[in-house]
Amino acid sequence: MGPHSGYRGNAWAVATLLTAVKWRHQNSCRTNPHLFSLKLNPDMTDTLTDSLTITRPDDWHLHLRDGVALASVLPHSARQFGRAIVMPNLKPPVTTTAQAAAYRDRILAALPSGLAFEPLMTLYLTNNTPPDEIRRAKDSGFIHAVKLYPAGATTNSDAGVTDLTKCYKTLETMQQLGMPFLVHGEVTDPAIDIFDREAVFIDRVMQPLRRDMPELKVVFEHITTKDAAQYVESAQGPVAATVTAHHLLYNRNEIFKGGIRPHYYCLPVLKREEHRQALVRAVTSGSTRFFLGTDSAPHPKGLKEHACGCAGCYTALHAMELYAQAFDQAGALDQLEAFASFNGPAFYNLPRNQGTITLKRQTWTLPVELPLGDTTLVPLNGGETIDWQMA
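For the sequence shown, the working numbering begins at 257 and goes up steadily by one.
Here it is, written out as structure tokens:
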């Protein structure tokens, strides 16, 4: 199952659509003649087949894990993305520059030959992270951000922050150095409904933080609500957000179709349809504040299909195909390149990638399972068909 899209109709409808799409993309194609190409099937009546070539994208929120799991999943991301912001929530978490350097070495050692991929490392913020550690991280050249995990909010967040005000001296140093602060934007107050935790986080944490440190570069990670989208778009100063493919494609009904479907369970959880639509509007609006972050999170099949299953969707295998499907459904394929390839580097003050990738409208069936060390994982949509495929 999962959303399927395709343009079908008679010859007049196809011709009309082709004219509209070409007009819409004329400015993009003028700067990149390979950006968008359209081909009609020989009968010119039934199917509009497109291919889309864009600057190689980056993933600004990725979980690679470690050890044999790292070796299993890394090639999926490296095939599509030039770089990725690598999350630090290992066991134990990556809290120091030395630990980040060692983790980076393990990632590069696991990278298959022939694939060019740069891991952009992060530190895990704790109540006790000293300002000097931020200075060491900045000086390293390979650490690009610091991540906030409210204690207990998600996978491996037990060592996270219990009170952000305890970290203010460290955050002030980050503000001075221009080090981005990546926030998992949910409160963990058990009195707050799980579907409201992102909106409450804006009121309780984000607004006071931005008031106290208006020049701190903040990325609101994997946003899921219209509240967060509106906040990011209207915020003053350097604020941005990552958005996952699964939050663009699905609402919370997907978790319960025909029974409990654990592979759609993630944190933050999928929300109502109105929130999904708000995210789609945000990422297709042309705003530079929104960029790609898969939040791809590998877990063994047995820990997902479990009485107390882990949160996280594995999308690294087919991330760009899923994003293409979401933008295609919104009639906004012309906005995909900026979202996937331009906005993130601009926020992080990094150059754009040099290469390109090509996506084709071509139906294919995802594998039911994938290797994960000596076990397996189930990708999102495993065993189902999707309508886009990387060439």
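Just so you know, even glycine gets a beta-carbon here, dropped at the ideal spot from N, CA and C.
If you follow the alpha helix (DSSP H) that Ile648 is part of, which residue opens it and which one closes it? Past the edges of the chain, shown from 257 to 647, lies residue 648, and the structure says nothing about it.
In angstroms, rounded to a whole number, what distance separates the CA positions of Leu472 and Gly441? The alpha-carbon of Leu472 is positioned some 16 Å away from that of Gly441.
Within 10 angstroms of the Cβ of Leu291, are there 16 or more other Cβ atoms? Answer buried if so, exposed if not. Residue confidence for Leu291 is low, a pLDDT of 36 falling below 50, so the modelled location carries little weight; the figure read from the coordinates is stated next. By the Cβ-count criterion, Leu291 is buried, with 16 or more other Cβ atoms from all chains shown falling within 10 Å of its own Cβ.
Can you give the Cα-Cα distance for Ser490 and Asp483, rounded to whole angstroms? In this model, Ser490 and Asp483 are separated by some 11 Å (Cα to Cα).
For the alpha helix (DSSP H) that Arg537 lies in, which residues bound it at each end? Counting along the chain, the alpha helix (DSSP H) containing Arg537 begins and ends at Glu529 to Val539.
Please give the ranges of any beta strand (DSSP E) in the segment 573-624, keeping only runs that are unbroken, at least 3 residues long and fully inside the region. The segment 573-624 contains these whole beta strand (DSSP E) runs: 612-621.
Ala484 in three-state terms, based on DSSP: In this structure, Ala484 counts as helix in the three-state DSSP scheme.
By DSSP, does Ser328 sit in helix, in strand, or in coil? DSSP places Ser328 in helix when its eight states are reduced to three.
Considering only their Cβ atoms, is the gap separating Thr621 from Ala588 smaller than 8 Å? Taking 8 Å as the Cβ cut-off, Ala588 and Thr621 do not qualify as a contacting pair.
Cα separation between Ala596 and Gly629? Near 29 Å, if we compare the C-alpha coordinates of Gly629 and Ala596.
Could you give the distance in angstroms between the alpha-carbon of Thr631 and the alpha-carbon of Gln492? Taking the CA atoms as reference points, Thr631 sits about 46 Å from Gln492.
C-beta atoms of Ala415 and Thr382 nearer than 8 Å: Result yes, Cβ atoms of Ala415 and Thr382 sit closer than 8 Å.
Alpha-carbon to alpha-carbon, Glu625 and Ala334: Answer to the nearest angstrom: the Cα atoms are 19 Å apart.
Taking the DSSP output, what are the residues bridged to Gln645? In the DSSP output, where bridge partners are listed per residue, Gln645 has Lys616.
Taking Trp577 as the reference, give the member of Gly515, Cys564, Phe603 and Thr641 with the closest Cα. Here residue 577 is Glu; the residue named in the question, Trp, does not match the sequence. When each option's Cα is compared against that of Glu577, the closest is Thr641.
Sub-8 Å separation of Ile326 and Thr378 beta-carbons: Sequence inspection shows Leu at residue 326; the Ile mentioned does not correspond to that position. The answer is no: Cβ separation not under 8 Å.
Once the 5 residues before and after Ile448 are set aside, which same chain residues still bring their CB inside 6 Å of it? Excluding residues within five positions, the ones whose Cβ falls inside 6 Å are Val456.
State the start and end residues of the unbroken beta strand (DSSP E) segment that holds Met435. Taken as a continuous stretch (DSSP letters only), Met435 belongs to no beta strand (DSSP E), as it is neither H nor E.
Coarse secondary structure for Asp395, derived from DSSP in three states: Three-state result, Asp395: helix.
In this structure, what does DSSP give as the bridge partners for Ala401? Ala401 is bridged to Thr378.
Leu320 (DSSP reduced to helix, strand or coil): DSSP places Leu320 in coil when its eight states are reduced to three.
State the DSSP-derived secondary structure class of Arg335, mapped to helix, strand or coil. Taken through DSSP and simplified to helix, strand or coil, Arg335 comes out as helix.
Comparing alpha-carbon positions, which option in Asn609, Thr385 and Ile450 lies nearest Glu428? Nearest C-alpha to Glu428: Thr385.
By DSSP, does Thr444 sit in helix, in strand, or in coil? In the displayed model, Thr444 falls within coil according to three-state DSSP, outside both helix and strand.
Quick one, which of Val350, Pro554, Ala575 and Val329 has its alpha-carbon nearest Ala225's? Since the first residue shown for the chain is 257 and the last is 647, residue 225 is missing from the structure and cannot be characterised.
Just reading off the beta strand (DSSP E) that Val495 is part of, what are its end residues? DSSP places Val495 in the uninterrupted beta strand (DSSP E) bounded by Val495 to Val499.
Excluding five sequence neighbours on each side, which residues of the same chain lie with their C-beta closer than 6 Å to the C-beta of Val634? Sequence-distant Cβ neighbours of Val634 in its own chain, meaning closer than 6 Å and more than five residues away, are His519, Lys557 and Glu625.
Between Leu606, Gly611, Asp643 and Tyr570, which lies nearest to Leu320 when the distance is taken from Cα to Cα? The residue among Leu606, Gly611, Asp643 and Tyr570 with its C-alpha nearest the C-alpha of Leu320 is Tyr570.
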